[in-house]
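For reference, the structure is listed below as structure tokens.
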Amino acid sequence: MDNNSTTPVPTPTPTLLRGESHGEEHAKESSVVVNVLENLAWGRSYGGCYPHHRCTCHAHRSFSEMISISTDPVTFGGSDLQFSSVKTLEILLSNEVASKLIQFHINHLAWHHNIIHSPTFLVQCEVYFQTGKCPHPLWMALYLSILSSTIFSVYNSTTYRSTLDLDVDDQASRRLFEAMIDVLYSEDFMKNVSLYTIQAIVLSTEVAHNLGLSGLNATLSSAAIRLAQCMGLHKIEDLPARKVSPKEDWHELLELINPKHFLTALPLNCDDHDLEARDDEIPTVSSYVRTLARLASLMPELLDGLGPLKDRKPLQEQYRHVLESDRQMRQLVGQIPSFLLRAKPDEQAWKPWLGLARQSLAITAADKIIMIHRPFLIASFQTSNYPYTRTTCVSAAVTILRRHHEITIYDDVSIWTHSAFCVTAILVLCLELLYRGSADMAAEPDDADKLHMYHDLVNQARGSLSKRQGDIMATRGVRLIDTMLSAEQESMWQTNGNNETSTHPSSGVNFRKLVAQFLAQDRQAEINFGTDFGLPSGGLDMAEFYGPMDIDFDIWFKNVFGSGSPEGQWGG
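In UniProt numbering, the protein residues as written are 1 to 572.
This is the structure we're talking about:
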């Protein structure tokens with residue numbers, strides 16, 4: 001026998017079922033049922049049949065879960081529950097103050113997340129104020145999350161604090177946030193699956209980062225995703241209008257999930273009072289969330305397109321993907337409803353949040369552009385290979401800081417993204433200042449004016465951030481500015497010696513030293529130094545595979561969003 005010969009492997013012939021199409025459908029259904037059976041044996045919830053009114057899920061799903069998705073707890077054998085956590089009751093606001101804050105949140109802040117059905121929530125609050133009872137123990141986490149985020153949003157606005165006659169200290173938001181965490185754990189939220197938990201966690205994002213709790217927020221968000229999957233929120237194919245829609249909850253988590261792994265469509269463009277679907281060009285409380293969900297849908301694809309961490313694609317292929325993602329993002333921004341881009345006469349009277357929504361969206365869109373280019377951000381300053389990334393990110397950073405300043409001048413409420421994305425913009429502009437003397441970058445006639453403008457914007461941002469109270473993100477932004485501008489000054493001294501300064505810093509930046517200096521001012525921060533980029537010194541001709549990169553960010557952004565003056569954005 002020839003030892004090199006191979007024995008053919010017999011291939012079984014599949015048995016065809018009678019009525020093949022019917023058989024395939026039956027097999028698919030059987031597969032689902034078997035999966036359900038296996039999950040039940042594992043003790044897991046399963047199924048894409050939310051809200052579980054026409055299925056038998058209530059037979060094995062927890063009481064906690066079922067009453068949290070029903071507007072009438074009695075439907076599943078529940079009744080109003082007394083909330084009696086002494087630790088939390090000690091820091092609760094008076095009913096009068098809480099009522100004012102909740103109504104303010106619905107009128108001025110709910111557009112940013114839209115995870116509650118305001119009429120239902122107001123009824124629940126009224127019952128709680130009058131009787132001390134709530135529909136579910138974990139409902140209290142949602143209640144505390146709303147109060148915490150609302151106080152944070154209005155605390156640094158003299159106008160709104162006066163309007164609300166709010167008399168609390170700058171730690172009130174933190175105490176309420178911590179009380180929300182206490183409720184989650186005391187009620188065993190990981191075991192007692194509840195829609196209220198998901199809502200509370202999603203809403204806590206509005207304040208967690210600014211309290212210096214980004215790590216905790218990331219952990220809670222991951223837990224919320226799994227809880228949402230247990231409830232079937234990722235497989236909502238056809239949901240009739242109801243008082244509480246979970247679609248908003250799911251799409252607030254969308255940026256972390258690959259679109260290939262869920263079926264849930266965007267929530268309807270509708271208001272809470274009638275839940276009637278409206279044209280995309282008519283502003284509703286759902287408009288902003290729908291817009292952000294579309295922008296966020298690009299992020300998982302962006303990361304996947306770079307290749308697996310252990311085997312990244314060639315740099316040229318990665319950059320091609322980044323540029324394509326940039327193009328897709330600009331295309332999506334061009335499809336944003338016009339009322340979120342430019343003010344229209346008299347619309348502010350019936351949607352008081354529209355002006356702030358426009359400014360916030362402009363900041364977020366600019367930040368998304370920076371996020372897309374982040375894989376090549378540092379490289380764009382260290383080499384001349386990626387000039388489009390460098391100029392685009394610098395222009396986007398300028399846009400963010402200008403819009404942030406306009407919001408500050410207008411004394412409007414704060415959204416968590418304002419301080420957070422301001423920090424990102426500060427980092428980009430400070431990198432531009434640190435690397436402006438790079439030998440690889442050709443000098444331009446207006447360089448001096450640009451550098452002066454960058455310094456002004458960074459110092460202006462420092463002034464605004466330094467005045468904020470109860471905002472750790474803002475405080476760290478100030479520290480970041482001081483650290484990087486100090487490094488810039490030191491670099492200029494080192495260029496020409498101690499007796500003469502230069503207008504150009506040296507091109508070498510010691511990032512480890514910068515991190516050490518920053519941490520010296522912020523002992524509790526944690527950092528992962530990571531590794532160097534290891535990029536080639538040779539240039540890449542991007543035009544060969546993408547085409548001419550002459551799309552100016554400033555021109556494009558102004559064409560889409562307008563000039564950005566306070567009067568133009570707030571409809572004044």
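Glycine included, each C-beta is placed from N, C-alpha and C at the ideal position.
Check	Outcome
Which residue's Cα is closest to the Cα of Gly-355: Asp-367, Ala-365, Ile-363, Leu-340?	Leu-340
I'd like to check one pair, Trp-416 with His-209: are the Cβ atoms closer than 8 Å?	yes
Between the C-alpha atoms of Leu-310 and Asp-304, what's the straight-line distance to the nearest angstrom?	The amino acid at residue 310 is misidentified as Leu; the sequence shows Lys. Rounded to whole angstroms, Lys-310 to Asp-304 spans 12 Å at the Cα level.
Assuming Ser-464 and Thr-383 form a contact by the criterion Cβ under 8 Å, report the distance between their Cβ atoms to the nearest whole angstrom.	The pair is not a contact, with the Cβ atoms about 33 Å apart (cut-off 8 Å).
Comparing C-alpha positions only, which one of Lys-313, Tyr-160, Glu-347, Leu-361 sits nearest to Val-333?	Leu-361
Please tell me whether Leu-203 and Ile-106 are closer than 8 Å, where the distance is taken between their beta carbons.	no
Taking C-alpha atoms, which residue in Met-453, Leu-211, Thr-291 lies nearest to Met-473?	Leu-211
Please state whether DSSP places Lys-467 in a helix, a strand or coil.	coil
In whole angstroms, give me the CA-to-CA distance for Ser-118 and Val-154.	19 Å
Given this structure, state the Cα-to-Cα distance separating Asp-411 from Ser-486, to the nearest angstrom.	30 Å
So, using beta-carbon positions, are Tyr-454 and Leu-429 closer together than 8 Å?	yes
On the criterion of 16 or more Cβ atoms from any shown chain inside 10 Å, does Gln-199 qualify as buried, or is it exposed?	buried
Take the Cβ of Arg-226 as the centre, count every other Cβ of all protein chains shown within 10 Å, and call the residue buried at 16 or more, exposed below.	exposed
Tell me the rounded alpha-carbon separation between Ile-102 and Thr-163.	14 Å
I'd like the span of the alpha helix (DSSP H) that includes Ser-148, first residue to last.	139-155
Return yes when the Cβ of His-418 is within less than 8 Å of the Cβ of Ile-363, no when it is not.	yes
Which residue spans inside the stretch 188-218 form an unbroken beta strand (DSSP E) run of at least 3?	none
Taking 8 Å as the limit between beta carbons, can you name the residues of its chain near Leu-295, skipping five residues before and five after?	Met-329, Leu-332, Val-333, Thr-364, Ala-365, Lys-368
Please report the residue range of the alpha helix (DSSP H) in which Arg-175 lies.	172-186
What residue range does the alpha helix (DSSP H) around Ala-396 cover?	387-410
With a cut-off of 8 Å on the beta carbons, I'd call Ser-466 and Val-458 a contact; round off their distance for me.	About 12 Å separates the two Cβ atoms, so there is no contact after all.
So, under 8 Å CB-CB, Ala-425 and Leu-401 are touching, yes? Tell me the CB distance rounded to an integer number of Å.	5 Å
Between Val-285 and Asp-272, which are expected to be in contact by the criterion C-beta below 8 Å, what is the C-beta distance as a whole number of angstroms?	6 Å
Of all the options Ala-448, Trp-353, Thr-475, which has the alpha carbon lying nearest to the alpha carbon of His-113?	Trp-353
Where do the N-terminal and C-terminal ends of the alpha helix (DSSP H) with Leu-122 fall, by residue?	118-131
What is the DSSP secondary structure of Cys-134, reduced to helix, strand or coil?	strand
Measuring only the C-alpha atoms, how far is Met-180 from Gln-229?	22 Å
Is the stretch 165-185 touching the stretch 140-152, taking contact as three or more C-beta pairs under 8 Å?	yes
Given a threshold of 16 other Cβ atoms within 10 Å of its Cβ, counted over all protein chains shown, does Glu-126 qualify as buried or as exposed?	exposed
Please classify Ser-194 as buried or exposed, where buried requires at least 16 other C-beta atoms within 10 Å of its C-beta.	buried
How many Å lie between Asp-326 and Val-515 at the Cα?	30 Å
What is the C-beta distance between Leu-302 and Ile-372, in whole angstroms, given that I count them as a contact (C-beta under 8 Å)?	6 Å
Alpha carbon to alpha carbon, how far is Ser-157 from Ser-222?	32 Å
Does DSSP put Thr-417 in a helix, in a strand, or in coil?	helix
Quick check on DSSP: helix, strand or coil for Gln-318?	helix
Which term fits Met-190, buried or exposed, when burial requires 16 or more other beta carbons within 10 angstroms of its beta carbon?	exposed
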